[in-house]
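Shown next, in structure tokens, is the structure this report addresses.
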Amino acid sequence: MKDTITFADFIKLDMQVGEVLEAIKVEDSNKLLKLTVNMGKATGIRTILTGMQKWYTPEDFIHKKFIFLVNLEPKKMAGSESQGMLMAADTNGEPKLIEAPTNLPIGSTIR
Numbered sequence: 001m002k003d004t005i006t007f008a009d010f011i012k013l014d015m016q017v018g019e020v021l022e023a024i025k026v027e028d029s030n031k032l033l034k035l036t037v038n039m040g041k042a043t044g045i046r047t048i049l050t051g052m053q054k055w056y057t058p059e060d061f062i063h064k065k066f067i068f069l070v071n072l073e074p075k076k077m078a079g080s081e082s083q084g085m086l087m088a089a090d091t092n093g094e095p096k097l098i099e100a101p102t103n104l105p106i107g108s109t110i111r
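Residue numbers (the UniProt record's numbering): 1 to 111.
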């Protein structure tokens with residue numbers, strides 16, 4: 001288990017449901033996929049880079065809903081800027097996608 005955080009720290013996290021509109025392999029990277037994600041009216045369209053190319057193809061993401069951390073500090077990677085993070089489960093070092101239920105509206109807040 002990781003270190004315990006306070007409730008005040010927890011409520012700083014802004015996790016939302018987003019729908020992947022486009023997913024492509026990042027040029028000159030054997031790890032990164034670039035996702036274009038619709039986060040709804042309040043947050044808009046975001047670019048999210050994820051290091052899951054070893055396990056997933058772009059087609060595994062397109063037109064599917066996932067949970068994203070949207071208030072993570074942007075990070076430059078491989079010539080692009082990631083504006084958040086895709087949430088996934090970890091099984092022995094292998095990421096497992098967690099699809100959001102299709103009936104959850106885009107932009108829904110996760111608590």
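C-beta: ideal position from N, C-alpha, C; glycine also.
It should be emphasised that the depicted structure is a prediction, and the values quoted were computed from it without experimental measurement.
6 Å Cβ shell around residue i - same chain, five flanking residues per side excluded
i	result
residue 50	33 and 86
Same chain, Cβ closer than 7 Å to residue i, neighbours up to 5 away in sequence not counted
i	result
residue 25	33, 53 and 58
8 Å Cβ shell around residue i - same chain, five flanking residues per side excluded
i	result
residue 30	53 and 54
Boundaries of the beta strand (DSSP E) in which residue i is found, first to last residue
i	result
residue 66	65 to 69
residue 91	88 to 91
residue 183	Nothing in the structure corresponds to residue 183, since the chain is present only between 1 and 111.
Beta-bridge partners of residue i, as assigned by DSSP
i	result
residue 17	67
residue 23	35
residue 85	69
residue 106	In the DSSP output, where bridge partners are listed per residue, residue 106 has none listed.
Simplified DSSP assignment, three categories, for residue i
i	result
residue 28	coil
residue 42	coil
residue 8	helix
residue 95	strand
So, do the segment 104 to 111 and the segment 3 to 18 have three or more beta carbon pairs nearer to each other than 8 Å? yes
Do three or more CB pairs link the segment 80 to 99 to the segment 36 to 50 at distances below 8 Å? yes
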